[in-house]
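Last residue of the sequence shown: 186 (the working numbering), numbering continuous. Data first, discussion second: the structure below is written as structure tokens.
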Amino acid sequence: MSSSKDTVPFNGTKEQEEKLLEIIAELKSQPGALMPIMQKAQEIYGYLPVEVQTMISNAMDIPLEKVYGVATFYSQFALNPKGRYQISVCLGTACYVKGSGDVYNKLMELLGIVGGECTADGKFSLDACRCVGACGLAPVMMINDDVYGRLSVEEIAGILSKYE
Ligand code: FES
């Protein structure tokens, strides 16, 4: 999946970097240190952008590809930050047959990001999810704790504008 140019820029602080480097120095010689280091890095930054992956790669003296491979393989790692409003579109079967794929596509178009990304202003992030147990309301999307059901593509722009 290609990344759009509109995602939120990385703005890690010196303190965060120092904290991460300390943790790496402490754990690096232990076998299997990469996973716990990446988990700590995600705790510090909230996600694992390429800038953080590069710090880990340099400090551990391992190839960036290896860090990237782990970051993308395990779903516990997020490569992008989450927005203040986290949109989650159900792509479970009941929702999918009722057109949640179109809803998801419309959101990508309106927000200018792909799934898994966050808008540059940090406002909205977009993800797909599995059945949220509200199949009677299919197709369903959530924005933080708000549930929207029986959605049509035409309604999406109006719903987003409530979060302006
Ligand atoms: S499939 Fe979407 S709520 Fe069940």
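All C-beta atoms, glycine included, are put in the ideal place defined by N, C-alpha and C.
Hey, residue i and residue j: beta-carbon distance below 7 Å or not?
i: aspartate 83; j: serine 110; result: no
i: glutamine 64; j: leucine 56; result: no
i: lysine 128; j: valine 175; result: yes
i: valine 30; j: glycine 144; result: yes
i: isoleucine 59; j: isoleucine 46; result: yes
i: alanine 179; j: lysine 120; result: no
i: tyrosine 107; j: tyrosine 185; result: yes
i: leucine 43; j: alanine 81; result: yes
I need the straight-line Cα distance from residue i to residue j, nearest angstrom please.
i: methionine 23; j: valine 136; result: Only weak support is given to the placement of methionine 23: the predicted model assigns it a pLDDT of 43, under 50, and the value that follows is read from those uncertain coordinates. Whole-angstrom Cα-Cα distance: 8 Å.
i: asparagine 33; j: valine 74; result: 11 Å
i: lysine 41; j: methionine 77; result: 12 Å
i: glutamate 177; j: valine 162; result: 12 Å
i: aspartate 124; j: valine 154; result: 18 Å
i: serine 183; j: threonine 115; result: 28 Å
i: proline 53; j: cysteine 151; result: 34 Å
i: arginine 172; j: glutamate 87; result: 42 Å
i: isoleucine 181; j: leucine 132; result: 12 Å
i: tyrosine 90; j: valine 72; result: 8 Å
i: proline 85; j: tyrosine 126; result: 35 Å
i: glutamate 39; j: serine 51; result: 19 Å
i: phenylalanine 146; j: glycine 68; result: 15 Å
Under 6 Å from any heavy atom of the ligand HEM, does the C-beta of residue i make it?
i: alanine 160; result: Absence of the ligand HEM from the depicted structure is noted, with the ligand FES being the only ligands included.
For the segment 127-147 and the segment 101-115, state whether three or more C-beta atom pairs, one from each stretch, are separated by less than 8 Å. In this structure the segment 127-147 lies against the segment 101-115, because at least three pairs of beta carbons, one per stretch, are closer than 8 Å.
Could you tell me which whole beta strand (DSSP E) segments of length 3 or greater appear in the segment 77-160? Considered as a whole, the segment 77-160 harbours 107-112, 146-151 as its complete beta strand (DSSP E) runs of no fewer than 3 residues, in chain order.
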